[in-house]
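Numbering (the UniProt record's numbering), first residue to last: 1 to 638.
Here it is in structure tokens:
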């Protein structure tokens, strides 16, 4: 810093983005118990800066300016109470410094802050998902200075960014002899632990040993006269300085894998699982892929950047190579290092490359194998995984035809055989519990778990002890259009078509159903005439026990639930007329049967509207429904 020359005329003071202020306050108070992560984050940023320089220099070697030995250096000064992390990477221009250090320029920011609860432990996890990055410096520092010059820029166009983290920062144009960035932290009182060479080395080895660049500190020797360690002028490397994914698996500890995950994912928590493999054959590549413990807050944001880090022959290419994994595995983080792709590979080349297709297919199979092992051998971990990522995995049924059967085995659902809304039942579990004579996997879909669990369509199934899967995720209806069967058993909606349970009924039940249908023919015809164009058909059903009526649709028509989803999304949904099914044993149906002509239309409309409400539909004229119901409850004649 002392070598800089300030140009006062080019200095300006700016205010932090409101979200940055909020993040700084939350981070300082929520992450203080793990404050040494600032060093991991600054070293990670420095490593990224060097990776980006190496990538840009592929097309523009002059950026190296005769210095291609990329490195990170960490220094401390007890007298000045400072810790400095420097790199000779890509550096920043004035505009980049303002954008990167003064604002949070990423999608989903608003959603991130809306999920904060005030609970320090929960918020700490969420902040970790967001990526604490550079701002973690203020956990231990009362002031932070950033001196940077972008590679290729003149010495006179360096910048000095400074802030106390309270609300404003200054940016000044200065001179800097070499490219790269130095971040200097002026430590708060009580943070003397970080003014110790041994503590810094130990922290760097624990958190950043996986960094492929050399992390250097000045060598220290024992001074017997001063009875203390003193720094020499010789730099020594304190990490292994080779890419973690290139090492043999047997040489890497679980702790090293976890720290590497936190580096590539910018996560605060440990991963749930990982897989590390070298693939040889038609395509040669190494994959180190991680399943996070928590879903990112922006998982459903279409504009969010996602994907794994792509390296080619250990040269960093891009942070978010989404083409290397299918969309339903977009939560996976990690690194893929290809030996076959060209160093100047672009996103367009990634989309068309046969090598990329092979990597994509191989990586998808590897992740599915990891999930299969988790489901079979680590049930608690898989339950946590499904809670976080189950809805995304369901997308794979329609997106990945080659692996549809494998994905189907990983699916979990709520069920009438399980308590509560927990999705814990696999399709294999269901098939193993099927009744003798049962040849279908039954399900019901609704807008919520409560609506599915209380659907009138379930009544006959509960009476006969038949299990039904309860589906209420938004993706379920779409998924079911691709998942028609499992293990040779057809998946059947209990709210569609005529219910065929004859194989599970005895002769006496079949005889009774035939007699009832014949006896209620006059009522069915009367209801058809009364309801007219409002319904497609009216019929007697054996699917109801406690409810007077329900509505269903034909087998190949859109379910009411899917119609409502399409309408909510602003899409045109076909007008599907419902089929009204009545319960001949219900007292209300008997009341309708005996109603005088003057009241019959009112009773028939009440029966239909009740069935629509039970299905979760919204009535077109709720005021008329209330008026009609009140009139009939009071016994008033038309």
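No residue lacks a Cβ here, since even glycine has one placed at the ideal position from N, Cα and C.
* **8 Å Cβ cutoff met for residue 300 and residue 398** => no
* **Neighbour-count burial assignment, residue 347, 16 or more Cβ in a 10 Å radius** => Residue 347 is exposed by the Cβ-count criterion.
* DSSP three-state assignment for residue 533, whether helix, strand or coil -> In this structure, DSSP gives residue 533 a helical state, which the three-state scheme calls helix.
* Asked: If we ignore side chains and look at the alpha-carbon of each, how far apart do residue 336 and residue 288 end up?
  -> 6 Å
* For residue 45, three-class secondary structure by DSSP -> Taken through DSSP and simplified to helix, strand or coil, residue 45 comes out as helix.
* Asked: Helix, strand or coil for residue 186 per DSSP?
  -> strand
* Burial state of residue 433 (16 or more Cβ within 10 Å) -> Residue 433 counts as exposed, since fewer than 16 other C-beta atoms from the protein chains shown sit within 10 angstroms of its C-beta.
* Asked: Is there contact here, the stretch 508-519 with the stretch 414-423, by at least three beta-carbon pairs under 8 Å?
  -> Judged by pairs of C-beta atoms under 8 Å, the stretch 508-519 does not touch the stretch 414-423, as fewer than three such pairs exist.
* Pick from 425, 49, 549 that is closest to residue 182, judged by C-alpha positions -> The residue from 425, 49, 549 with its alpha-carbon nearest to that of residue 182 is 49.
* Asked: Between the stretch 151-171 and the stretch 193-204, do at least 3 Cβ pairs fall closer than 8 Å?
  -> no
* **Inter-stretch contact (C-beta, 8 Å, three-pair minimum) for the stretch 388-404 and the stretch 313-325** => no
* Asked: How many Å lie between residue 245 and residue 367 at the Cα?
  -> 16 Å
* Please confirm whether residue 168 and residue 26 have their CB atoms less than 8 Å apart. => no
* Asked: Looking at C-beta atoms only, is the number of pairs between the stretch 579-587 and the stretch 533-552 that lie closer than 8 Å three or more?
  -> yes
* Answer yes or no: do residue 467 and residue 430 have a C-beta to C-beta separation smaller than 8 Å? => Yes, they are a contact pair.
* For residue 575, count neighbouring C-beta atoms within 10 Å of its own C-beta (all shown protein chains included) and say buried if the count is 16 or more, exposed if not. => exposed
* Proximal residues to residue 359 (C-beta, below 7 Å), its chain only, five neighbours per side dropped -> 283, 285, 324, 336, 338
* **Cβ-Cβ separation, residue 16 to residue 102 (assumed contact under 8 Å), whole Å** => 6 Å
* Asked: Can you tell me where the beta strand (DSSP E) with residue 449 in it begins and where it stops?
  -> Run containing residue 449: none in the beta strand (DSSP E); it sits in the alpha helix (DSSP H), 449-453.
* Buried or exposed: which applies to residue 239, given that a residue is buried once 16 or more other Cβ atoms fall within 10 Å of its Cβ? -> buried
* Asked: Which runs of the alpha helix (DSSP H), 4 residues or longer, sit entirely within the stretch 378-406?
  -> 379-399
* Going by DSSP, name the residue or residues bridged to residue 168. => 15
* **Best match in 545, 535, 543, 560 for proximity to residue 605 [C-alpha to C-alpha]** => 535
* To do: Could you tell me whether the Cβ atoms of residue 410 and residue 459 are closer together than 8 Å?
  => no
* Do the CB positions of residue 412 and residue 424 come within less than 8 Å of each other? -> yes
* From residue 268 to residue 341, what distance separates their C-alpha atoms? -> 32 Å
* **Whole-angstrom distance between residue 600 and residue 297, CA atom to CA atom** => 54 Å
* To do: Please report how far the alpha carbon of residue 57 lies from the alpha carbon of residue 143, in whole angstroms.
  => 33 Å
* **Assigned secondary structure, residue 193 (DSSP; H/G/I helix, E/B strand, else coil)** => helix
* Which first and last residues belong to the beta strand (DSSP E) in which residue 217 is found? -> Residue 217 -> beta strand (DSSP E) spans 215-223.
* Asked: Start and end of the alpha helix (DSSP H) containing residue 290?
  -> Element bounds for residue 290: not the alpha helix (DSSP H) but the beta strand (DSSP E), 285-291.
* 3-residue-minimum beta strand (DSSP E) runs that sit fully inside the stretch 256-280, ordered along the chain -> The beta strand (DSSP E) runs of length 3 or more contained entirely in the stretch 256-280 are, from start to end of the chain, 273-279.
* To do: Below 6 Å CB to CB, which residues in the same chain sit around residue 44 once its five sequence neighbours on both sides are set aside?
  => In the same chain as residue 44, and ignoring 5 residues on each side of it, the C-beta atoms closer than 6 Å to its own belong to 263, in chain order.
* To do: Look at the Cβ atom of residue 236, then the Cβ atom of residue 230, and state whether they are nearer than 8 Å.
  => no
* For residue 482, does the three-state DSSP call read helix, strand or coil? -> coil
* Asked: Under 8 Å between the Cβ atoms of residue 186 and residue 141?
  -> yes
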